[in-house]
Amino acid sequence: MLIEKAIQAAQAAGDLPAFEMPTIEIRPPKQAAQGDYACAVAMALAKPTGKNPLDIANAIANHIQKPDFVSAVEVVKPGFINFRLNESWLQQQVEAIITEGDRVFQLDTFKGKRAQVEFVSANPTGPLHVGRSRGAMVGDTIARILEAAGYTVEREYYFNNAGVQMTNLGNSLRIRYLEALGLPVEVPASDNTTFYQGEYLKDFARDLVAEQGNSLVEADWQPFKEYAEKRMFGIIKQTLARVNVSHDVFFNENSLYDDGSVTHTAEVLEKAGYIYRSAASQNPGENQPGEHDEENAGKGVATWFRSTALGDAKDRVLIKSDGNPTYSLPDIAYHINKLNRGFDLLVNILGADHNAQYKVVQYGVEALGFDPSIIHVIIIQLVKMVRNGKEVKMSTRRGDYDTLDDLIDQTSADVVRYMLLARSPDSHLNFDLDLAVKQSNENPVYYIHNAHVRCAGIAREAAKQGITDDGADLGKLGAAELRFLRKALELGDVIDSSAHELAPHRIAFYAHELATVFHPIYDEVRALQPDIDPATQKARLRFYRAAQVIFKRVLTLMGMSAPERM
RNA sequence: GCGCCCAUAGCUCAGUGGAUAGAGCAGCAGUCUUCGGAACUGAAGGUCGGGGGUUCGAAUCCCUCUGGGCGCACCA
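In numbering that gives the first Met the number 0, the protein residues as written are 0 to 565.
Next comes the structure, spelled out in structure tokens:
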């Protein structure tokens with residue numbers, strides 16, 4: 000804004016020729032000596048104007064109307080325009096931070112906009128395992144960041160309680176139930192892919208016996224499935240609650256069948272000309288003739304979605320030859336449902352193992368005439384658990400996996416949240432179990448926590464000594480405190496860019512950087528030493544109070560606790 | 001074979017086309033007997049996987065090769 004106005008003024012004054020306004024970025028430079036904020040726009044303007052970047056920068060700088068929070072504008076070598084913040088303005092930010100408290104850096108960038116984040120969305124066939132939980136942390140943190148950027152956010156969990164896996168779950172519980180009653184029943188071997196080995200099913204079976212006795216001996220899988228589902232969701236919600244994750248809406252895929260959305264979606268696709276029926280071998284896509292002939296021999300006719308018309312590599316089956324839809328059709332119907340709910344932004348967190356699936360949905364949404372651009376899919380790369388430098392394999396179906404609950408028990412909710420968050424979603428994540436368990440300074444979580452703890456400790460000690468920070472003269476704050484304040488003021492930009500890019504890991508890195516700036520200051524800037532004059536003491540106490548506010552805000556944004564003691 | 005992701009210090013990773021590529025940990029050398037040390041300081045560590053290209057300027061964008069991960073069902 001500031002620079003844009005200056006450029007316009009320079010153009011009006013004839014110091015710069017006419018050109019299209021470029022996108023202007025202002026950001027903190029890497030070196031502190033280069034000022035607090037810097038702008039490189041003059042270099043980008045060298046080409047369109049045909050002028051020397053340094054001259055352009057000077058022309059712009061000469062027309063900048065310096066606001067009160069800027070103390071200096073400097074033009075440097077290649078053509079950077081550097082800004083320095085006014086120090087007394089900086090000092091006053093301590094009051095601003097304290098006044099805003101828990102809502103400090105609550106932005107209104109997206110005020111009035113509604114966003115929905117869909118995440119976790121695991122079917123209730125078992126407890127959440129570690130692989131899934133990365134999406135839980137990322138999804139919830141994105142939701143928190145969007146809220147901080149001004150959105151009203153709804154968190155949604157999409158699930159399917161029908162299908163083969165749920166039938167297997169019902170059957171598995173039935174076997175455990177009969178076993179619990181002491182009836183002769185064969186428990187399948189551990190390599191059986193249709194049997195769930197988890198210990199939790201034994202617990203369910205015991206409880207079911209206690210509640211229902213032997214009344215279900217003759218029943219099929221159905222009542223067992225219903226019971227297991229109910230219990231499973233209870234466990235999942237409880238687990239998520241331990242890491243401060245909760246959902247506003249649980250959306251059942253079945254409701255899309257009940258209200259006719261699924262068949263309606265198929266009909267509309269057909270009217271739009273994207274549907275044909277044929278056996279796989281006649282697929283006009285890339286399938287080689289004869290390739291599928293044998294395996295499709297004897298099968299009926301399937302309903303296909305001509306997604307190749309929209310650029311897909313091959314067409315997709317929507318309704319199988321046995322008459323049942325594939326997952327794609329209800330998935331498309333679900334996204335239409337979401338789009339019709341009037342959100343301004345839809346975020347969908349998916350694991351990398353589902354990376355092919357969302358494209359079909361996108362083609363479907365497009366075919367139905369919707370604008371897919373408000374849908375943002377975040378593909379989370381897989382988590383590799385590492386112990387003693389070696390990978391620990393996991394499996395959902397067998398019983399030997401590491402559940403999120405186990406992990407929280409071994410470490411803590413905060414450690415799990417931070418470790419799973421502090422990596423770009425695009426990046427593969429090695430979860431180092433040794434490091435996570437280790438409560439030492441190798442563990443960044445404790446380093447960040449300790450900053451908050453230290454602030455709280457000072458306040459506690461001051462209260463004990465009867466020293467208050469009322470009426471502090473913030474002019475007494477020195478260079479070290481200003482260093483922290485500059486870093487603290489970046490939080491707004493971090494939230495903003497993190498919200499725009501849907502990159503929640505940035506807040507995690509920022510938190511660590513902020514703590515890195517803080518700890519040396521804590522050593523250097525004493526507040527309660529007896530030889531410090533009372534005015535300085537008050538100012539420093541006030542400063543640490545503001546620092547605590549910032550740390551609490553950052554920790555809360557990550558869904559972590561802000562402990563006052565270790 | 002096709003699609004998505006990754007390759008940056010010994011290890012784990014940041015890096016929104018801009019200034020001398022940054023942290024943490026490990027290792028090395030120090031401080032400190034404290035408003036809770038789970039701390040602080042310093043030095044060292046790099047042809048940003050290879051090769052082309054675009055640009056005033058590339059770790060970042062494009063092409064290509066190599067090496068990894070995950071997918072590529074009439075399963076969900």
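Built from N, CA and C at the ideal position, the CB exists for glycine as well.
- If you draw a straight line from the Cα of Val137 to the Cα of Pro503, it comes to about 7 Å.
- Contact holds between the segment 111–123 and the segment 143–151, because three or more Cβ pairs, one in each stretch, are under 8 Å apart.
- The continuous alpha helix (DSSP H) containing Asn253 extends over residues Asn253 to Asp257.
- Comparing alpha-carbon positions, the option among Ile6, Asn243, Ile335 and Leu89 lying closest to Ala545 turns out to be Leu89.
- Secondary structure at Gln115: strand, using DSSP grouped into helix, strand and coil.
- Excluding five sequence positions before and after Val376, the CB atoms of its chain that fall closer than 7 Å to its own CB belong to Asn347, Leu349 and Tyr357, given in chain order.
- Sequence-distant Cβ neighbours of Val186 in its own chain, meaning closer than 7 Å and more than five residues away, are Ile174 and Glu178.
- Apart from the 5 residues on each side of it in sequence, His427 sits with its Cβ closer than 6 Å to the Cβ of Gln380 in its chain, given in chain order.
- Using a Cβ distance threshold of 8 Å, Asn253 and Ala332 do not count as a contacting pair.
- For Pro519, the three-state secondary structure derived from DSSP is helix.
- About 17 Å separates the Cβ atoms of Thr264 and Leu345, ruling out a contact at the 8 Å cut-off.
- Taking a C-beta distance under 8 Å as the contact criterion, Ile59 and Thr48 do not qualify as a contact pair.
- Per DSSP, the beta-bridge partners of Val391 are Met384.
- Shown here for Glu73: same chain residues with a beta carbon closer than 6 Å to its own, the five before and five after excluded, namely Asn81 in chain order.
- Contact annotation, Ala412 with Val553: C-beta distance approximately 17 Å; criterion of less than 8 Å not satisfied.
- Using a Cβ distance threshold of 8 Å, Val516 and Phe483 count as a contacting pair.
- If the five residues before and after Asn57 are omitted, its C-beta is found closer than 6 Å to the C-beta atoms of Val74, all from its own chain and listed in chain order.
- Shown here for Pro52: same chain residues with a beta carbon closer than 8 Å to its own, the five before and five after excluded, namely Ala41, Met42, Leu44, Ala45, Pro77 and Gly78 in chain order.
- CA-to-CA, the gap between Leu556 and Leu145 works out to about 10 Å.
- DSSP, reduced to helix, strand and coil, places Leu1 within a helical segment of the structure shown.
- Per DSSP, Arg175 is one residue of the alpha helix (DSSP H) stretching across Val163 to Ala179.
- Taken in chain order, the complete alpha helix (DSSP H) segments of 4 residues or longer contained in the segment 207–255 are 220–241.
- Sixteen is the threshold: since fewer than 16 other Cβ atoms of the shown chains lie within 10 Å of the Cβ of His499, the residue is exposed.
- Here the alpha carbons of Asp492 and Ala37 stand approximately 14 Å from one another.
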